[in-house]
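*Asks:* Residue numbers (our numbering): 1 to 38.
Quick one: the structure is below, questions incoming.
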């Protein structure tokens, strides 16, 4: 996702979030980000 955004291959606006993790994202933080409450 990050590479595509930086390359201009996907639309990015003020509401765009890219969550870059090593696979150990806190499930509650991930859910809050997706829900827009983070």
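Quick reminder that beta carbons are idealized off the backbone N, C-alpha and C, glycines included.
Is DSSP giving residue 27 helix, strand or coil here?
*Replies:* The answer is helix: DSSP assigns residue 27 an H, G or I state.
*Asks:* For residue 2, which residues from the same chain have a beta carbon less than 7 angstroms from its beta carbon, with the 5 sequence-adjacent residues on both sides left out?
*Replies:* 18, 20, listed in sequence order.
*Asks:* Tell me the DSSP secondary structure of residue 37 in three-state form.
*Replies:* Here residue 37 sits in coil by DSSP.
*Asks:* Determine the DSSP secondary structure at residue 2, reduced to helix, strand or coil.
*Replies:* Helix.
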